[in-house]
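Asks: In terms of UniProt numbering, the sequence shown opens at residue 1 and continues consecutively.
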Amino acid sequence: MGSESPIRKAMGSERSRRSILKGISGSVGPGEILALMGPSGSGKTTLLKILAGRLDAGGDVSGAVTYNDTPYTPALKRRIGFVTQDDVLFPQLTVEETLVFAAFLRLPKNMTRQHKYSKADAIIKQLSLERCRHTKVGGTFVRGISGGERKRTSIGYEILVDPSLLFLDEPTSGLDSASANKLLLVLQSLAKAGRTIITTIHQPSSRIFYMFDKLLLISDGYPIYHGKASDSVWYFSSLGFVPEIAMNPAEFLLDLATGQVNDIKIPEDLRKSLNPQDFETEVIKFLQLKYKSDIETNEREESHQNSTIPKQLSLAILVKKDWTIGWIEQFLIISKRTFRKRSMDYLDKLRLLQTVGVAVLLGLLWWKSKIGSEAQLRDQVGLMFYLCIFWTSSALFGAVYVFPFEKAYLVKEKKADMYKLSVYYVSSTLCDMLAHIFYPTIFLLILYFMVDLRRTAAHFFLTLFAILLIVVTSQGTGELFGVATLNVKRAGFMASLVLMLFLLTGGYYVQHLPRFMRWMKHISFMHHGFRLLLKVQYSGNLLYDCQSKGGCRSLQSSPSFDTINLYSQWNEIWILAAMTLIYRLLAYFCLRWRINASSI
């Protein structure tokens, strides 16, 4: 069967002062499939994540993962594939797009574009995905491919880099028997190509169970069997545990792992010594002790004698962690993918209709508005503030949900070291910024000339610049709230609360704030944006109220401008620009911290 490539683990994980895994050890070689089985909560998924390097220590895990007595290094991630239980794939992309983008990000930079396309195409054919290659992956809100096809796409996503080790978490979960059987045949073909495959599985059918080469059975964090899957029933029968009725082997093993032996004959000496109140616990302890005395010692000796690590894996251990392609190339690929998967939002007909509709409605409400009197001036100032409200809320809520929705995808790809986090953040921000620039521009082109604002090219473009600066600052604020929580509900709550506070302190509803509340207006981008719009439109030697008895008055004398000097420098530009930069830097470092602390 070839030389063994042992993956040994002796570790303990404490959470709320409870050990999850204890004394786990085992081996599996190239060309073999190892199944990790155990009841829910036994620790098999935790073990899988730790072995694959997908679970950060952070004080929660003690012990060491070694590959043939060689410590785990980040460079090994390039030779390890990890398929999560939930298929973390972008629903807006097709199967082909998913694999092609993954190929361009994960394959070496010395490979040509055509070679990378060919690699993705070969994976599609190998996994029998030709029929759905141009179909969207789909998800909760997007109709797409079947569950079995989605799982095979997830596997294809990982085997693009020809991993020496492939880990899968409950790959048959949610699949019917035919799809599950087809999936295991795919795994067998991958193993025959020289890969080592380790998978967790809960309760497979008899047919699927006998497709596994090896089995590690876990009970309450302890191993109770490790060896050939086909020999497992015989081993427990040799201990005196014999099923009294016809049973699926997996069902029989899980009953033993939980201590539920109602339909299982147990050794007579064990039955006599059992305490009826701790019956299940006593059975589990008996099996754990038997494993420790009968299997563990022999297994460890065998592992050390036969341990030969695959060539690709040994090279990966020695090579330092490096990126497959440079920052600029990563940025171009991620930007193209981001625009492709978000294009439905960017080019949404309803969003365009809303923009045009609101612009026309406001244009009709403020049709040819003048500043001839105090009341008319007040109306036009109200329009300026509404522009701040509308585009602030649009950009804020358009950005606040982006990172919470994409958290799972980002964590998965970051754990696989597919690209630098800065690449993802910059491309996401810039792609979204295009939409945040496009719609306000269309909006102002319609509204500006319906309302009697200052009709010069300079004032039009300055007004557009002011609105775009408000939008970009609001987008950065929304991103900060989104990454601070990475939770849709919490991010929405924070955005609503801050929007309300900034709206009230923006300078329109309350111009003269109490002394102890004045600090709020200085951190309100709506306050600075509103002041900038007023200066753009009303600075200069403008007069109004010329029909009054006192004659024409300067705009600065209006009560609407009590708290603003129309003739002062436009410092608001620099304040908003600084806010834009600061919010984004905070968002990036906060995202970095939250993603590094997350696990899949």
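Note that CB positions come from ideal geometry on N, CA and C, so glycine has one too.
(1) With respect to the alpha helix (DSSP H) encompassing I564, which residues constitute its N-terminal and C-terminal limits?
(2) Going by CA-CA distance only, name the one from Y346, G221, Y235 that's closest to G227.
(3) Under a three-way DSSP split, which group does P243 fall into?
(4) A399: which of A495, D379, F209, A102 sits nearest, CA to CA?
(5) T196 and E170 look like a contact to me (Cβ under 8 Å); what is the Cβ gap, rounded to whole Å?
(6) Examine the Cβ distances between the segment 334-347 and the segment 422-437 and report whether three or more of them are shorter than 8 Å.
(7) What does a CB cutoff of less than 6 Å around G529 pick up in its chain, not counting 5 residues either side in sequence?
(8) Spatial neighbours of G492 within its chain, please: CB distance less than 8 Å, with the 5 preceding and 5 following residues excluded, ordered by chain position.
(9) Using a Cβ-Cβ cut-off of 8 Å (strictly less than) and excluding sequence neighbours within five positions of L315, which residues of its own chain qualify?
(10) Suppose you measure from the CA of V186 to the CA of T392; what does that come to, to the nearest Å?
(11) What are the uninterrupted segments assigned as alpha helix (DSSP H) that are 4 or more residues long and contained completely in the segment 144-174, given in chain order?
(12) Helix or strand or just coil, what does DSSP make of K368?
(13) Taking the C-alpha atoms as reference points, what is the distance between Y291 and L48?
(14) Can you look up H226 in the DSSP assignment and give me helix, strand or coil?
(15) Rounded to whole angstroms, what's the CA-CA distance from L586 to Y567? Just pull it up for me.
(16) How about G23 and Y225: are their beta carbons less than 8 Å apart?
(17) Along the chain, which unbroken stretches of the beta strand (DSSP E) at least 3 residues long are found entirely within the segment 66-128?
(18) Less than 8 Å separating the beta-carbons of M384 and Q537?
(19) Between R54 and L165, what straight-line distance do the alpha-carbon atoms span, to the nearest angstrom?
(20) Is it the case that the Cβ atoms of Y409 and R351 are separated by a distance below 8 Å?
(21) May I ask you to verify whether the segment 235-250 touches the segment 201-208, counting CB pairs closer than 8 Å and requiring at least 3?
(22) Rounded to whole angstroms, what's the CA-CA distance from L430 to L581? Just pull it up for me.
(23) Quick one, which of A52, E32, L21 has its alpha-carbon nearest G41's?
(24) Among the residues of its own chain, which have a CB less than 6 Å from the CB of Y157, if the five just before and after it don't count?
(25) Express the C-alpha separation of S422 and A375 in angstroms, rounding to a whole number.
(26) Report the residue from L445, R271, F279, L453 whose alpha carbon sits nearest the alpha carbon of K370.
(27) Starting from A35, follow its DSSP beta bridges and name the residues at the other end.
(28) Take every Cβ of the segment 354-364, pair it with every Cβ of the segment 447-463, and state whether three or more of those distances are shorter than 8 Å.
(29) Just the Cα atoms here: how many angstroms apart are T45 and P30?
(30) For T485 and G139, what's the separation of their Cα atoms in angstroms?
(31) What does the alpha-carbon distance come out to for the pair R106 and F460?
(32) Restricting to Cα atoms, I'd like to know which of P267, L462, T477 is closest to W570.
(33) Can you find the residues in the same chain that come closer than 6 Å, C-beta to C-beta, to R133, ignoring five residues on each side of it along the sequence?
(34) Using CA coordinates, which residue listed in R143, F403, K535, L36 is at the minimum distance from G478?
(35) Would you please state the rounded distance, in angstroms, between the beta carbons of D531 and G507? I believe it to be under 8 Å.
(36) Give the single residue among T473, R515, I564 whose Cα lies nearest to the Cα of S524.
Replies: For this structure:
(1) Where I564 is concerned, there is no enclosing alpha helix (DSSP H), given that its DSSP letter is neither H nor E.
(2) Y235
(3) strand
(4) A495
(5) Going by Cβ atoms, the distance from T196 to E170 rounds to 19 Å, so no, they are not a contact pair.
(6) yes
(7) C388, I470
(8) F397, V400, Y401
(9) Its pLDDT being 43, under 50, L315 is placed unreliably in this model, and the value from its coordinates should be taken loosely. So the list is empty, once near-sequence residues are dropped.
(10) 51 Å
(11) 147-159
(12) coil
(13) 21 Å
(14) strand
(15) 33 Å
(16) no
(17) 80-83
(18) yes
(19) 13 Å
(20) no
(21) yes
(22) 13 Å
(23) L21
(24) A102
(25) 50 Å
(26) L453
(27) T199, L215
(28) yes
(29) 21 Å
(30) 23 Å
(31) 46 Å
(32) L462
(33) V95, E96, I124
(34) F403
(35) The sequence shown places Arg at residue 531, rather than the Asp named in the question. Sure, about 7 Å apart at Cβ, within 8 Å.
(36) T473
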